[in-house]
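> To start, I am sharing the structure in question, which I have written as structure tokens.
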Amino acid sequence: SPEEKIRHLEKKVNELIEESCLANSRGELQLALDKAKEAGRKERVLVRQREQMSMGDQINLDLTYSVLFNLANQYVVNEMYHEAINTYQVIVKNRMFSNAGRLKVNMGNIYFKQRNFQKAVKFYRMALDQVPNTHKEMRTKIMQNIGITFVKMGQYNDAITSFEHIMSESPTFKTGFNLILCYFALGDREKMRDGFAKLLTVDLKIDDEDKYLAHGDDKQYNLVLEVIKNDSLRQIERERKYEAERCIKYAAKIISPAIESSFSDGYDWCIEMVKNSQYIDLAHDLEIDKAIMFLKQKNFASAIETLKSFEKKDSKVASTAATNLSFLYFLEADYTQADKYAEVAMTADRYNPSALVNKGNVLYARNDFEKAREFFKEALTNDSSCIEALYNLGLCNKRLGRLEDGIDCFYKLHAILRNSPQVMYQIADTFEQLEDTAQATEWFMQLIGVVSSDPSVLARMGELYDNDGDKSQAFQYYFDSYRHFPSNIPVIEWLGAYYIDSQFCEKAIHYFERASIVQPNQVKWHLMIASCYRRSGNYQKALETYKQIHKKFPDNVECLKFLVRLCTDLGLQDAQEYATKLKKAEKNKELREQRATSAGRRGSGRGRREGSAGSGDLDREASAGGGQGNKANSRRQRARPNFEESDNRGPYQGSQPQEIDASYSDPLGPQAERPKTAARRKDPNEDDFGDEELGEDLLPE
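Residue 872 in this note's numbering sits at position 565 of the sequence shown, with consecutive numbering throughout.
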């Protein structure tokens, strides 16, 4: 029958509205909008069918309202604000819909999102006029929206009027906090104090929390307690309490520098007010916040004094304060005090992971890695998400030689902190220590992707490729490292050596000049610049450079030897003068060496007289340490210039008087031999055509 068809269509429209709402809740916003539009089309078909059957007086207004309201909501979540406004206008202008006027709140919210604050205020006020006084909570929320819109417009006095009305009728923490912000913006000290006092009088509307305490004998009550101690109602109570604490703490931080002459006095006033209110438990947290604010202002003495005042307070607060004190002393390298307060924190609360980490850090700084490792493991047992303990445990394992365990720690940390450069560096460094070059290279490459301008990481990559013999790749990474940090001496030295090995001495000069600027009192860089000029054939420039070196370092024997050789080879008059200076410098050098040797003998004789048993142990330790040092530095020294090898060849093979010893040690090492590319000498008796048979056509007729 027609009535059944209409009922079926109504049911279909209701189902589409429900499907649209469910899709919205799942986050499928486009599907929700499509369903809402389809429901609108079906509803219009339904209206036409009613009119055709002369049943227009039986229009289902609730269904039409639901369809339009749902469609407007779906337009809003899909950010189609113009269409949403039009749909809401259709509802609001239809006088057949009762209470439609309050939808002007939604229209005001849309204008607020579009930052059209004037229209937003207009629609909020129109909605406020439509809501009766019996709906007190609804009116309060609309007035709060009006106040926030005035804040956005910078009209703080109008905002204060709205917020003060709410605080007198139905106070909330959010409104109280917003009111304090407005007073702060206007710089009204007395009103800030009053606003903070009003904030502390707001009722949380939470029942007595004693109901969550266990009853030893009542098993039935304990079973009920297990159910309700973390149910949705308990979570709402926690959220309210957290919001209250957050608003009070933030308000104290904001107004404390403004209400008194100093930040400290303002904070003390806020703490006193909190102590005299129902939120007395927050007073200790505010005092710790005060200490942290002192730290941010670099006022360490006041921070330490504030934290020390907690030593005799209840265990939880004392543990927090002692933890902060321990960390402060650790940063100042006062490990005795850091250890003392770490122990105090652990005594107050053994399950405090931060206190255990501080204790482990002190032991690590004292090189007691085994004990430090135990404390870091205990901290992780108490709190598996303590990333500081996990990182430090990995460092301990590295120092103890347990590289595989260290890798495991850093991998776990990498799963938590995906792009942490420190963690990625530790993984790469550990793989290099395990001599897994491929993995180390891969992790360093990932690290460069995160911090592309870190010169030390680029230098490490260059070192890895250099050890593998890939000079071109090593040069690229060393050059990038030099580009970001042009004062790194090992990188400069490697680049200079690379150009010398490649027979481009002119290009090496630039890097050695940079090194001489960084270390102006190191004579070797100046000597290397001069040697580069000499090798490239620019003997005049080399001579000038050696003269400048001699002027700055008059007792340098190597420089004088070079000057004697160059002046002799170039036939200059200064050769004899430099030869005399060379003899004098060598004599002075011998005297200094003799004095050092005799002083060393006297010292060693005295040491033998004092006791020979201890010296043997020291010698063994020194030799072991020296071996490790040589092993560690062998890779870095591979491509650097050889300062020890001697080279007695000069630019010219000229004659030289016997009494002048002008032999010298080239700081760039021996010069590479030129490749022998000339052909062998031709025998004049050899005939070019000796092996060929001449054809008859080539013979004379």
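Using N, Cα and C, we set each Cβ at its ideal position, and we do this for glycine too.
Can at least three beta-carbon pairs, one atom from the segment 593–600 and one from the segment 551–560, be found at a separation below 8 angstroms?
Yes: at least three Cβ pairs fall under 8 angstroms.
> Buried or exposed for His833, please, with buried defined as at least 16 other CB atoms from any protein chain shown within 10 angstroms of its CB.
His833 comes out buried.
> Return the CA-CA distance between Cys874 and Lys848, expressed in angstroms with no decimal places.
The alpha-carbon atoms of Cys874 and Lys848 are separated by roughly 13 angstroms.
> In angstroms, rounded to a whole number, what distance separates the CA positions of Glu770 and Gly776?
Computed Cα separation, rounded: 10 angstroms.
> What distance in whole Å lies between the Cβ atoms of Leu353 and Ile398, which are believed to be in contact at a cut-off of 8 angstroms?
With 8 angstroms as the limit, Ile398 and Leu353 do not qualify as a contact, their Cβ atoms being about 18 angstroms apart.
> In its own chain, which residues sit with a C-beta less than 6 angstroms from the C-beta of Arg446, not counting the 5 before and 5 after it?
These residues qualify, in order along the chain: Val438.
> Assign Ala504 to buried or exposed, taking buried as 16 or more other Cβ atoms, counted over all protein chains shown, within 10 Å of its Cβ.
Burial call: exposed.
> Any chance the segment 628–636 sits against the segment 658–678, with 3 or more Cβ pairs inside 8 angstroms?
Contact between the segment 628–636 and the segment 658–678 is present, because at least three Cβ pairs lie under 8 angstroms.
> For the 8 angstroms Cβ check, are there 3 or more pairs between the segment 747–763 and the segment 707–723?
Contact between the segment 747–763 and the segment 707–723 is absent, because fewer than three Cβ pairs lie under 8 angstroms.
> My output table needs one value for Ala590: the three-state DSSP class, helix, strand or coil.
Note: Ala590 maps to helix in three-state DSSP.
> Are the beta-carbon atoms of Leu614 and Ala640 separated by less than 8 angstroms?
No; because the gap between Cβ atoms is not below 8 angstroms, this pair is not in contact.
> Closer than 7 angstroms by C-beta to Ala735: which residues in its own chain qualify, once you throw out the five before and the five after it? Chain order, please.
Ala747, Trp750, Phe751, Leu754.
> With distances taken between CB atoms, is the gap from Ala815 to Ile807 smaller than 8 angstroms?
Yes, the pair counts as a contact, with Cβ atoms nearer than the cut-off.
> Under the assumption that Val871 contacts Leu850 (Cβ atoms under 8 angstroms), give the Cβ distance between them as a whole number of angstroms.
Contact flag wrong, Cβ pair sits at about 11 angstroms.
> Grab the span of the alpha helix (DSSP H) containing Asn674 for me, first residue to last.
Careful: Asn674 lies outside any alpha helix (DSSP H) and carries neither H nor E.
> How is Asp463 classed by DSSP in three states: helix, strand or coil?
Just to set this straight, residue 463 is Tyr in the shown sequence, not Asp. Helix at Tyr463.
> Does the segment 532–541 come close enough to the segment 568–580 to have 3 or more Cβ pairs within less than 8 angstroms?
Contact between the segment 532–541 and the segment 568–580 is absent, because fewer than three Cβ pairs lie under 8 angstroms.
> Between Ala686 and Ala696, how many whole angstroms is the CB-CB distance? I'm expecting something under 8 angstroms.
Right, their Cβ atoms sit about 4 angstroms apart.
> Taking only the alpha-carbon atoms, compute the straight-line gap between Leu867 and Pro797 and give it to the nearest angstrom.
The alpha-carbon atoms of Leu867 and Pro797 are separated by roughly 27 angstroms.
> Among Ala892, Ala346, Ile324, Ile455, which one has its Cα closest to the Cα of Lys420?
Considering only alpha carbons, the answer is Ile455.
> Hey, is Asn845's beta-carbon within less than 8 angstroms of any beta-carbon in chain C?
This model lacks chain C altogether; it includes just one protein chain.
> Determine, using beta carbons only, whether Phe869 and Ala903 come nearer to each other than 8 angstroms.
No, these two residues do not count as a Cβ contact at 8 angstroms.
> Below 8 angstroms between beta carbons: does that hold for Val384 and Asn331?
Yes, the Cβ-Cβ distance between Val384 and Asn331 is below 8 angstroms.
> Pull up the distance between the alpha-carbon of Ala882 and that of Phe792, whole angstroms please.
Cα-Cα distance, rounded: 42 angstroms.
> Determine the closest residue to Thr654 out of Val624, Leu635, Ala672, with distance taken between C-alpha atoms.
When each option's Cα is compared against that of Thr654, the closest is Val624.
> Could you give the distance in angstroms between the alpha-carbon of Thr394 and the alpha-carbon of Glu345?
Approximately 15 angstroms between the Cα atoms of the pair.
> Less than 6 angstroms between C-beta atoms, sequence neighbours within five positions excluded: which residues of the same chain meet that for Gln644?
Tyr636.
> Which residue wins for smallest C-alpha separation from Tyr789, given the options Ser475, Phe376, Arg767?
Cα-wise, what sits closest to Tyr789 is Arg767.
> Distance check for Tyr718 and Asn377, CA to CA, integer angstroms please.
Computed Cα separation, rounded: 49 angstroms.
> Rounded to the nearest angstrom, how far is the Cβ of Ala551 from that of Phe480, given a contact under 8 angstroms?
That pair is a contact at about 5 angstroms.
> When you compare each of Asn413, Asn440, Glu444, Ile543 to Lys429 by their alpha carbons, which one comes out closest?
The candidate whose alpha carbon is nearest that of Lys429 is Asn413.
> Note down the Cα distance separating Gln396 from Gly415, rounded to an integer number of angstroms.
Approximately 12 angstroms, taken between the alpha carbons.
> Within 10 angstroms of the Cβ of His315, are there 16 or more other Cβ atoms? Answer buried if so, exposed if not.
Classification for His315: exposed.
> Leaving out the 5 sequence neighbours to the left and right, which residues in its chain are closer than 6 angstroms to Leu602 when beta-carbon positions are compared?
Counting only Cβ-Cβ distances below 6 angstroms, and skipping sequence neighbours, we find Ala610.
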